[in-house]
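Using our numbering, you'd call the opening residue of the sequence shown number 94 and step up by one each time. We treat Cβ as the ideally placed atom computed from N, Cα and C, and that holds for glycine. Okay, structure first, notes after.
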Amino acid sequence: MTVASIALEVSPDRHPLDAIFVPRSVALIGATDREGSVGRTLLTNLLQNPFGGTVFPINPKRSNVLGVRAYRSIAEVPETVDLAVIATPAATVPDLIRDCGQAGVRGAIVLSAGFKEIGPAGIELEKRLLTEARRYNMRVVGPNCLGVMNPISGLNATFASAMARPGNVAFLSQSGAMCTAILDWSFREQVGFSSFVSIGSMLDVGWGDLIEYLGDDPRTHTIAIYMESVGDARAFLSAAREVALQKPIMVIKVGRTEAAAQAAASHTGSLSGSDAVLDAAFRRSGVLRVETIEDLFDMTEVLAKQPRPRGRKLIVLTNAGGPGVLAADEVVSGGGDLAELSPETIERLDQVLPPSWSRRNPIDILGDADPDRYSQALEIAAADPNGDGLLTILTPQAMTDPTQIAERLRPYAHCGKPILASWMGGSAVAAGEAILNQAGIFTLPYPDAATRVFNYMWRYSYNLRGLYETPNAVAGSFAAEPDRAAVTRIIQQAQAVGRNLLTEFEAKQILAAYGIPVVETRIATKLEEAVEIANDIGYPVALKLYSETITHKSDVGGVRLNLQNANEVRWAYLAIVAGVAIANRHKSPQTSSYTEEGDADPQRRVLTADFLGVTVQPMLKLDGYELILGSSVDPQFGPVLLFGLGGQLVEVFRDRALGLPPLNTTLARRMMEQTRIYKALQGVRGRAPVDLAALEQLLVRFSQLVVEQPWIKEIDINPLLAREAGQAVATGTTSSLIALDARVVLHPPMDPATLPRPAIRPYPIQYATPWTLRDGTTVNIRPIRPEDEPPLVRFHESLSEQTVYLRYFHALKLSQRISHERLSRICFIDYDREMALVAEGRDPSEEREILGVSRISKLHGSNEAEFAMLIRDRYQNQGLGTELLQRLVAIARDEKIDRLRGEILPNNAPMRHLCEKLGFQIQRAADITLAVLEL
């Protein structure tokens, strides 16, 4: 039996947002002919810009508006309306949404203000509005917005003063005023738009909905966003990660400073999270953040004209030294690099340039450079393998012919690397600029602006590569399953007695349960017990406060290091007791921390919860690097990871990077690369590098801990000691990494359903379970991971032509099936959007092999999913296909999908029979068979 694939069918129904962007009819509720009113402007815009549909003015007091018949209510309109545009007082809107829903309206744009931005009364109105919209499956843009334009179809459902020019850029903004300013600017600059949307408060339709919709729009090539708040962070990241590889997504996010963030929050009535966290989220999703409106549209133009650079190294070619130095300063200060010219490049340039040329980058070809010298130097520089992009600078000098030079550079516009130009000057260079722009070479008036664009370009490439680079498989001690039961037990024991702060000992137990190396730590509740433990461990040792209430031990003198003998241990123990007692007196001077003055036991003089004893640990040589690894909760993005330089001065140096969990080894490396300490970790000044591969895997396992343990509010390892690769940090271990101290804070008691969740859905371990084939072979069926790309290549190499044909409905070359671009998308999935299962076994050499793959993918704009399946030839007829499809059906139900559907070739009888056996309805046609399961 050949179990083959079910190919994917696109739902024939219209996307829900089509009712808003390409409506067949529009009702304007609040239409009026009063001069200067929003209702009159809206109606005028709808009537003067034909969109191929009918406009129905709604006004209970007028029989016509501006000569067009009006209706008293939406219920009186004689045909079904796609889109309702509402411009009435806020208090009336919830009831109007209900009326629209009853009339079959599919979409609404609410321009009215007076909702959550005014406080509790407005929030209550929003709740009522959203309840009515959800009841009737209606999508709503707004409230408090300018409206929506579709310049391609002609729809102008805004109260802006003019209609945008048609083009291929979709512009989305939370600020209506910003929309009108951009619109006015676009006429001067002749910029066109595929969509122009004022999104307002994002009560229903948010960034994720619009990015997904415009990602499917063939007329939209670039998505540009003015953002004040993120809204649904998970929806935004999910949509952006899917669309970013196909179309550039560029964002101006205001609110970098605290004052600006407060202004944005008061404007939108929305939470504003940390700006650094937002940068991390943009990097993770492939979104490019820019600083200014000019940058936004510069990047839109340059990415349409030039390829993305492979790296950050720029070659500068100039006929004047000063502009070249200016470009060099800007590229380096912006995070880029000047490429070092290869010896071959220098040798070739020596042959065509005067002896006094700079002989380094920037390449100064001197002020008398003619068109021949420019074109020859550009051809040589563009071929240098060390360069990722090239900037050509021209200053108009007496011997310079800007127009002829531009003509000679035209053939190099598409050389495989981005070519930028800065033609400095005014009218003297205008003709040359026009030639370059027409050829596809992006031009800017000044070299610092051009290098800023290049820095944006390489960052954009860097972010995108991070999305789909194949990570390394988790290995060594990190490959073992964590002891989740032990962690649950520790957390529940603390919660049972009302504790949110775990002790250091408990925190280290949690780390150890996830395979993270921790320093040996023993608890001593009495002075002499501490001495006995220290003698057993061996000197020198460290003593640390063991407390259920004090989180920062150093603040109360609770850390004593490098103790060489028993007497020093006794002294340190008593000093820690005294420090806690003093801290308690300062904290609550009206309540003495002591019992009786004459009490001989100093331990009984302090509050029990504050001092439970000490922990005794071996004193390791701190001859490596002290790092910090932690996590806390952001109000918008949930758990956020931190990595950087650790130790006692962590707050002083503030060398850290943020990232969103979960991580893989590629993303872990990207986090480390954001820090200054990373250069030292690679090895500096004769010191060998640390084991970066092991450090990556430790970060991956730590991120797993964070996403799998939602009761943890804060966790940090500080310091995490990292020694040179191959140097064990402690006796009895081979690891060069070890956690010396740890802190864990739990969330207070709450409904588990309300605990903060990660902005990116973590690996769904609940869908991973073993299964046995008919021949007795045990396999592990689990969700796919990015690390599965290499075994998936071997999987495709094993498939017969017949199996490939039944899966893809035509012959598909192996080279196409195993290309990195294709497999990375198959393996690196968003578990919120699709779920793929692999059946994994072991070949005779014990190497991982994939026996079969199945997946369900949610259809955009609906609650349906399509499914597919492919089984390796030698494992067909083993019951694997049935098991995989049964699991897909169960997952679809878990994910609240309404309908599962797919297509089967008519000659694929085994697949058809399998679907029938599992309850699918089969609809046969001449060339295709449709299988549908209502869930």
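Same chain, Cβ closer than 7 angstroms to residue i, five either side skipped, listed in chain order
i: I498; result: P464, Y467, L487, G525
i: R334; result: S378, G379, L560, D923
i: G650; result: A668, I669, G672
i: D991; result: N956, E957, L1028
i: H108; result: Y306, H953, G954
Extent of the continuous beta strand (DSSP E) to which residue i belongs
i: T393; result: First-last for T393: 386-398, but that is the alpha helix (DSSP H), not the beta strand (DSSP E).
i: G123; result: No beta strand (DSSP E) holds G123; DSSP gives it neither H nor E.
i: F535; result: 535-537
i: E988; result: That residue, E988, is in no beta strand (DSSP E); it is neither H nor E in DSSP.
i: Y901; result: No beta strand (DSSP E) contains Y901, which is instead part of the alpha helix (DSSP H) from 894-901.
i: E942; result: 941-951
Sequence-distant residues of its chain with Cβ nearer than 6 angstroms to residue i (five each side left out)
i: E690; result: Note on E690: pLDDT 42, under 50, position unreliable in the model; the coordinate value appears next. Result list for E690: empty, nothing under 6 angstroms.
i: R653; result: L636, A665
i: T618; result: G706
Classification of residue i by the beta-carbon crowding that lies within 10 angstroms, buried from 16 upward
i: P478; result: exposed
i: M492; result: exposed
i: K989; result: exposed
i: H953; result: buried
i: G428; result: exposed
i: W278; result: exposed
i: C1008; result: buried
i: G779; result: exposed
i: N956; result: exposed
i: P91; result: What is shown of the chain runs 94 to 1028, which leaves residue 91 out entirely.
i: R199; result: buried
i: K346; result: buried
i: T385; result: exposed
i: D692; result: Since pLDDT at D692 reaches only 47, below the 50 mark, its modelled position is unreliable, and the value read off the structure follows with that caveat. Result: exposed.
i: S893; result: exposed
i: A589; result: exposed
i: T684; result: Its pLDDT being 43, under 50, T684 is placed unreliably by the model, and nothing is read from it.
i: S118; result: buried
i: G608; result: buried
i: S515; result: buried
i: G145; result: exposed
Limits of the alpha helix (DSSP H) - the one that residue i falls within
i: Y968; result: That residue, Y968, is in no alpha helix (DSSP H); it is neither H nor E in DSSP.
i: I216; result: 213-228
i: D188; result: 186-195
i: N556; result: 540-561
i: P495; result: 495-502
i: D111; result: 111-114
Cutoff 8 angstroms; reference residue i; Cβ partners in own chain excluding five residues on either side
i: G215; result: A183, G207, F208, K209, G362
i: R258; result: P244, S279, F280, Q283, V284, G285, F286
i: G299; result: I292, G324, D325, A328, F329
i: S156; result: R162, A163
Beta-carbon proximity check, residue i vs residue j, cutoff 8 angstroms
i: V838; j: E801; result: no
i: I202; j: L176; result: yes
i: K398; j: G533; result: yes
i: Y549; j: V383; result: yes
i: W864; j: E976; result: yes
i: V161; j: A196; result: no
i: I964; j: L973; result: yes
i: F598; j: I584; result: no
i: I877; j: R980; result: no
i: L720; j: A815; result: yes
i: R441; j: I473; result: yes
i: P495; j: A475; result: no
i: L459; j: S449; result: yes
i: T642; j: L594; result: yes
i: A761; j: V793; result: yes
beta-carbon residue i near the ligand PLP non-hydrogen atom, thresh 7 angstroms
i: E1027; result: You won't find the ligand PLP in this model; it holds no ligand whatsoever.
CB contact below 8 angstroms: residue i versus chain D
i: G1012; result: Absence of chain D from the displayed structure is noted, only one protein chain being present.
### Task
Mind the definition here: the region 831-847 touches the region 604-619 only if three or more C-beta pairs lie below 8 angstroms; say whether that holds.
A contact exists between the region 831-847 and the region 604-619.
### Any 3 or more C-beta pairs closer than 8 angstroms across the region 737-747 and the region 654-663
no
### Query
When the Cβ atoms of the region 307-327 are set against those of the region 262-277, are three or more pairs found closer than 8 angstroms?
yes
### Message
Could you check whether the region 937-951 touches the region 901-916, counting it as contact only if at least three pairs of C-beta atoms, one from each stretch, sit closer than 8 angstroms?
### Response
no
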